[in-house]
Each structure stands twice: as C-alpha cells, then as structure tokens.
Amino acid sequence: MCGIVGYVGFQDAQTAIVSGLKRMEYRGYDSAGIALVNERGIEVRKKAGKIANLVQELEDHPIAPSHQGIGHTRWATHGGPTDENAHPHLGATGRVGLVHNGIIENFASLAAGLAADGVVLRSQTDSEIVAHLLEREVLVGHSLVEAMRRTVVQLRGAFTLVAVDAQSPGEVVAARRSSPLVVGVGQSEMFLASDVASFIAYTREAIELGQDQIVRITPDTVEVTMFDGTSAVTRPYHIDWDLSAAQKDGYDWFMRKEIFEQPKAVADTLLGRIGADRQLVLDEMRIDTAHLRTIDAIIVVAAGTAYHAGLIAKYAIEHWTRIPVEVELASEFRYRDPIVTSTTLVVTISQSGETADTLMAVRHAREQHAKVVSICNTNGATIPRESDAVIYTHAGPEIAVASTKGFTTQLIACYLLGLYLAQIRGTKFGDEVQRLVEELGSLSGKMDEVLDDLDGVLGLAEQLRDAEDFLFLGRHVGYPVALEGALKLKEISYTHAEGFAAGELKHGPIALVEKGLPIFIVVPPKGRDQLHDKVVSNIQEVRARGGRTIVLAERGDADAAAFADVFWPLPIVPTLFQPVLAILPLQVFACQIATLNGHDVDQPRNLAKSVTVE
Ligand code: M6R
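If you read the sequence shown in this note's numbering, its first letter stands for residue 24, the second for the next number, and so on.
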C-alpha cells in the first residue's frame, strides 16, 4: 500500500529519504512527500503524482539541510490523490510531522472530536487526524515516544505511523499495528521503512518489529517497547539480497526482469529440500508430523495471483494426499463463517506476507484453533510471523506490481507442501515422491527453454496490440492458468480479458465468441486421460465460431496444433506441473502488449504492490 521512510543520522536526510522512497514507489505512487527537521522547525514538501514530481518540487523549493526526517509514497484510501492529501501531515501548530500507512477505522469520531475543539483539518485524510492527536500530547509536555503511546490507544484499525517533533532533534519515533515496519541499523545512522528495499543501499542489518510496538531511533540507538510501555522482544537479521537484486539490470521493466528470473527463482525455492536419505525435508514446517497426520481438511486462502496458485495447489494436494482441499479468496474467508477446526490445516499464500485480507484470514483460522502454514516470499513479514509454520519461496524481491516469479515459486512451494504431506501420511511411496521432486528439479531448465523462444509471443503481441477483448480457456490445472493469464493482461494493459474453464464455455461464455476474437487455450499433456481430447474439442468449438485460437500445448501435440491459428509449444512435463511453464508466455505477452501501448508496466494505474487494507 503506502511506502514509509524515517531517517536519522550523519547523512543528508533528504538524500537518504528520497532514495528510499524511490525504491518503495511500487507500494503506492499517487503522491509523495517529505518532512525534514532543521533549524527552521519542520519543513514539508509534497506533491500529487509520482516521486519525480516531489523531486522537482524539492528543486524548485529547496529545504535547508537536515539529518532527521520522514517520507511517504501514497496509495490513496481516505481522500483523493491531491497535494493536500499527500503525506506528511502536520499538527495544528506545525510542531509534529507524521506519515501513515493503513486505515484508521474510527477516524470519523476522532475528526468530530477535533472539530468540536476548533481544529480545522487541511486534508480529507484519516492520517492528518493522527498528526493532530499526536501533537496535542507533545504540546502538554510528553516526549514523542510517550505521546505516540497515548495516541495509538485512541486508534482503531491498521497503521504504521512514523513521526518527528521539531523540538526533539536527533530522533524519529514510529508505531506499528497490522502494517509493516522494519528498522535498518547503520553506522551512526538508523532507518525506518515499510520494507528493506528502502535502505538496502545503506545497510543490510535489520530489525523486524512486532505487532503493537513503538520504536525510537537515534543515530546510534534503537529502543523498542510495546504499546503498553513494557519491554519488547525484537529479532535482528541480516538481509541476504543486495541492491542489484532490487534494480532493473538493463531490462525495461522490473516485470520483464522478474519474468526472466523465474528459472533461478524456482531452482532456489527447491534448494535444500532433499535430505541425505532422499526424503523431502521442509525445515520450516514447525508443525508436529503427528498433528499433520490427523489433518482431515485443508483450506488454502490467498488473494489475486496467489489465489490462482492456490487453485492449482488444490489439484496437486488432493491428488497426492487424498485430503479434501478448499481454496478461498482471503477477502471472503472469514465472512462466510467457514468450518475450521483443530484438524483443519489452513494454508495461506502471499508473496508480500502483508496482504491485509490474508492476514485477517490467518488470525481467524488461529482463533478457530486451526494450524496455519504460510507460503511467503518476504522474510519476517507479518503473515509468516503470525503463522504456525512457513515455507519461504526464494524468489528474491518482487518489485513489479504484476506478480510473476511470486506465482511460479508459490506453485513450487505448494507442490512441496503436497508431497511432504503425502510422504509423512504415506499416501505416496517414497520413490514416487522422489521421482516427482526430480521432475520439479527439471522445471527450471524447461522454463529456460520457453523463455529462450519468445519471438512468436512478441510478434503476436505486435499483431494484437489493439485488440479490445481476449478470452483465456483451460481445464484442470490449465483453468487457473487461464485465470492468471487474463489477470496479467487486465492489470497492466487495461484490456478486457476473461478466463474461463473451457468446459463451461458451452454454458454461456461461448456467446462472446465472434470473428477474430483472440482466445488463448491451455491444453493439458496428451497422457491425461480424456481431458486432452476434450480441450481439443473446445478449441474446435471456438474456432468454428470465428475465434482466433492461440494454443499452448506440449511439443509435438499434432491434435491440438491442427486447430491452432497460433501454436506455442511447451516442453513435456507431468500435467500437474504444466502451469509453471504455460504461464510464462502469457506473462510475456501481457508485458509486451502493455509496453507497446505505452503503459507503465511496473506501476499500473489504481494498483499497489502490497494491499495492506481490507
Ligand atoms: O502479496 P500477495 O501475494 O498477498 O498479493 C496478493 C495480490 O494482491 C497480488 O497477487 C495481486 O493480485 C497482483 N497484482 C497480481 O499480479
């Protein structure tokens, strides 16, 4: 959602904060701002639009040098993306400056209270209210930490707050509830940020903050306490990826770079999963194997692309373990009063580990005494921290809003989880598990083969750049691939695209087919019973009605190729693993259409990388 930065130290604060904001612009990019403490008090510059607008504003209206400040890049919730609504916000006297990520749910009653006291708000945001409340506490003589403590207890909702006081040189104070915040520990400088990408250029030592904690940083110290003033347990850690991983390496977009990183990301996610006895090991599974043997239902909960990974996981996990698997959108899960018991295993999938809908699902599941395993790409994020166990994907930082390597590595983690459960429950023989794990190991090379042969995909994007509608069809695990292919195209090219189960076509959607409509069809490998032939029939059905068929099928599939206007061959893999390959051309196609049509591929309109509001 929003990106937040705090800095105190020997460097020029403006430089450190603006560079941090640039690295977090993917979190939200409809306005940006900065507040620095100097001999004049607090100086604020903020502008609607991307960070480039803020940089221009700072050139036009420079701020006096400072070593202490805060910054923000916004994804609007309360109040539109205007200069006034951009953060930081100041209290009534301008003594306190504050940035906020999240939503203050009781803002209306707090605003009414402030209005009754004669406070005139300058913006339409819930965040400005917190700046006023915090400043009030400071003005009656409390330290910034104590003022923060007295303020957070008045708030309901999810928030990260970072604040400076014009009369407290050398410190920045922050608070966190259900919204991310990490501390970067430097030499004579400290950083606060929504994620480590912000300060990775300066330090790779970090401290993750827990729920309901307040942190005060000075150039040489970090003090963390709980909201109630008691001491807090913190976890320092070393960040094991470097700045180059967060930069584009010569690609035009982070999305394209991340697409091409997938073979390595998949291989990395598999690393270290096989023990000396050739058994599959999941070290992070901190749930007792005896308990895992009692599990009688699995519910996979996720949002967006991660939800599509979950849909594929269902096919694999049910097939290998014979445990019934439901897949649920995180935003729907707790509101339908799901049947969750102590023998239910809830599996959440989240690249960022901060998606609010998914986090709330974790909490709900644990309240019902279910065990929760999270599949996550972000070490130390809130969702894995609040789960019983975690399987980390090792995709490296995913910066583009459109998830690509997040998706394929989530699939790998789901396969590993399914095979691990099959191994410990004995529903697959050891040699069967080993054979499947070996197949997983060969996927990375096969992904390279697909990504080395993209001329056809790029050429087709050129031909179809002006098409207004697309259909994506698939059956079995090809169905979620169709949904994901359509989502990729929608979110970055703003083109209408629908994914359907190919067998459902005849129940309605086939009415959409007209001459020239581009239709992508994912065909299962030939060995898969009658499924293959049924999808070939579906291709014929849409072609007979004038649809332009773009067929993704295994190499040498002459039956499918016979009805394809365009044929994209895929390396041969078992059916359940085909999504890892089939999604690649669809990702590249979406990226290319959006590029050709002049869209900002990495930061599509109205979206944010990490959606930390419900
Ligand atoms: O960080 P998460 O995996 O929890 O994010 C879930 C969705 O918000 C995310 O996958 C979203 O759908 C992407 N923009 C899709 O490309």
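Every residue, glycine too, gets a C-beta built ideally from N, C-alpha and C.
Between Leu-167 and Val-161, the CB-CB gap stays under 8 Å.
DSSP places Met-249 within a strand segment (E or B) once states are collapsed to three. Secondary structure note for Glu-160: its alpha helix (DSSP H) is the uninterrupted segment 150–162.
Secondary structure remark: continuous beta strand (DSSP E) runs of at least 3 residues inside the segment 36–100, in chain order: 54–61, 64–71 and 91–97.
Shortest gap from the CB of Val-424 to any heavy atom of the ligand M6R: under 7 Å. Annotation for Glu-355 indicates a beta carbon at 7 Å or more from all heavy atoms of the ligand M6R. Around the beta carbon of Gly-327, a 10 Å sphere encloses 16 or more other beta carbons of the protein chains shown; the residue is thus reported as buried. The beta carbon of Ile-595 lies closer than 7 Å to those of Pro-548, Glu-577 and Arg-578 in the same chain, with the five residues before and after it left out.
If the five residues before and after Leu-334 are omitted, its C-beta is found closer than 6 Å to the C-beta atoms of Val-350 and Pro-503, all from its own chain and listed in chain order.
Bounds of the beta strand (DSSP E) holding Val-238 are 236–240. Here the alpha carbon of Arg-239 sits roughly 18 Å from the alpha carbon of Pro-111. Val-546 sits close to Val-574, with the two beta carbons spaced by under 8 Å. Put simply, the backbone Cα of Asp-582 is about 7 Å away from that of Val-559. Taking a contact to require three or more Cβ pairs closer than 8 Å, the segment 74–91 and the segment 121–138 do not qualify as touching. Val-208 has Met-213 as its beta-bridge partners, per DSSP. For Arg-357, same chain residues with a beta-carbon under 7 Å away, outside a window of 5 residues either side, are Met-383, Ala-384 and His-387 in chain order. With respect to the 8 Å criterion, Gly-419 and Ala-181 are not classified as neighbours on the basis of their beta carbons.
Taking 7 Å as the cut-off, one finds at least one heavy atom of the ligand M6R near enough to the beta carbon of Leu-630. Along the segment 285–340, the beta strand (DSSP E) occurs as fully enclosed runs of 3 or more residues at 320–325, listed in sequence order. Between Tyr-443 and Met-308 a beta carbon distance of about 7 Å is seen, short of the 8 Å cut, so the two are scored as contacting. Using a Cβ-Cβ distance cut-off of 8 Å, the segment 258–277 and the segment 369–384 are not in contact, since fewer than three pairs of beta carbons, one from each stretch, lie closer than that value. Restricting attention to beta strand (DSSP E) runs no shorter than 3 residues, the segment 383–410 encloses them at 394–399, ordered along the chain.
Non-local beta-carbon contacts of Phe-222 in its own chain, meaning distances under 7 Å to residues more than five positions away in sequence, involve Gly-43, Gly-207, Phe-214 and Ala-216 in chain order. Just so you know, the alpha carbons of Leu-133 and Ile-152 end up roughly 7 Å apart. In the structure shown, Phe-586 falls within a coil segment according to DSSP collapsed to helix, strand and coil. The Cβ atoms of Ile-544 and Leu-496 lie closer than 8 Å to each other. Under DSSP, Asp-188 shares a beta bridge with Val-119. When the beta-carbon positions are compared, Leu-204 and Thr-226 stay at least 8 Å from each other. Our two residues, Thr-518 and Leu-510, have alpha carbons roughly 10 Å apart in a direct line.
Sequence-distant Cβ neighbours of Gly-569 in its own chain, meaning closer than 8 Å and more than five residues away, are Val-536, Glu-537, Lys-538, Gly-539 and Leu-540. Under the three-state reduction of DSSP, Leu-535 is assigned to helix. Looking at the DSSP output, Thr-367 shares a beta bridge with Ala-320. Beta-carbon to beta-carbon, Asp-291 and Lys-280 are separated by about 15 Å, too far to satisfy the 8 Å threshold.
The C-beta distance from His-155 to Gly-114 rounds to 5 Å, short enough to fall under 8 Å. Close CB contacts of Pro-259 within its chain, under the 6 Å cut and outside five residues either way in sequence, are with Ile-230 (chain order).
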